[in-house]
Amino acid sequence: MTTDQKQLIKATIPALKEHGVLLTTHFYQRLFTHYPNLKTVFDMANQESGRQPIALAAAVLAYAQHIDNPSVLEPALTRIGHKHTSLNIRPEHYPIVGEQLLASISEVLGEAATPQLLDAWAAAYGQLASLMIGIEAALYEAKTETPAVPVPKSGCPMHQMC
Ligand code: HEM
């Protein structure tokens, strides 16, 4: 991302603080209208209670606040990654979410969503998606690793050498 793009992202922090949940609520409505099959992946009770739009708004805000050094978010992103991998979220889902998030930013901000701002958010989302996809790839990899050889009840597995 360019320095100018990072500045544009930082300039949206006050709007995200005030209207972040409005944005993510709009995003989920849009997502489920365009991709109704995703309703089976999400827990719709968390949509109705507002828990999930609030969680996503907090994540987007934290990301904007740490746009200069997103690696500090790694523990938080790993927690989200555990949730995603438990639900089999895959890299090919990320462009769908990106497309819907960008369209939502444009619709919610209206005229304030200049082409430069939308480009900056597209770049920012791409960077965040790459981070998450990398974290989730490592978690999937760890899940498929061969489990250690179990120790037989009779004792040491190393040919009874110990
Ligand atoms: C950069 C993009 C993304 C961000 C920042 C993000 C953020 C989050 C956060 C903060 C949570 C809540 C975690 C928790 O409750 O512990 C979550 C859950 C979830 N995310 Fe994502 N996510 C992203 C991409 C995706 C994608 C691409 C999908 C695939 C469609 C997805 C599907 C889900 C689902 C199904 C849940 C569980 C929600 C529920 O059932 O209530 N996310 N995500």
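To convert, count from 1 in the sequence shown and add 32; that's my numbering. Where is the CB? At the ideal position from N, CA and C, for every residue including glycine. Just so it is clear, the structure is predicted and the values come from calculations on it, not from any experiment.
Are residue i and residue j closer than 9 Å when you measure CB to CB?
| i | j | result |
| --- | --- | --- |
| GLY130 | ALA154 | yes |
| GLU139 | HIS58 | yes |
| GLN39 | ALA156 | no |
| ILE165 | LEU70 | no |
| LEU55 | ILE112 | no |
Is residue i close to chain B, meaning its C-beta is less than 9 Å from at least one C-beta of that chain?
| i | result |
| --- | --- |
| VAL129 | Judged by its chain identifiers, the structure shown contains no chain B, having just a single protein chain. |
Could you tell me the distance, in whole angstroms, from the CA atom of residue i to the CA atom of residue j?
| i | j | result |
| --- | --- | --- |
| GLU50 | GLU177 | 44 Å |
| MET76 | GLU106 | 27 Å |
| GLN159 | ASN101 | 11 Å |
| SER118 | PHE74 | 12 Å |
| ASP151 | ILE167 | 25 Å |
| LEU171 | HIS114 | 7 Å |
Since residue i and residue j are thought to touch, with beta carbons under 8 Å apart, how far apart are those beta carbons, to the nearest angstrom?
| i | j | result |
| --- | --- | --- |
| GLN132 | LEU88 | About 11 Å; that fails the 8 Å criterion. |
| ALA161 | TYR126 | 4 Å |
Judging by CA-CA distance, which residue of the options is the nearest neighbour of residue i?
| i | options | result |
| --- | --- | --- |
| ALA94 | LYS42, ALA144 and GLN148 | LYS42 |
| PRO46 | GLU80, GLN84, TYR60 and VAL92 | VAL92 |
| LEU134 | ARG122, PRO147, GLU124 and PRO123 | PRO147 |
| LEU141 | LYS175, THR44, SER103 and PRO68 | THR44 |
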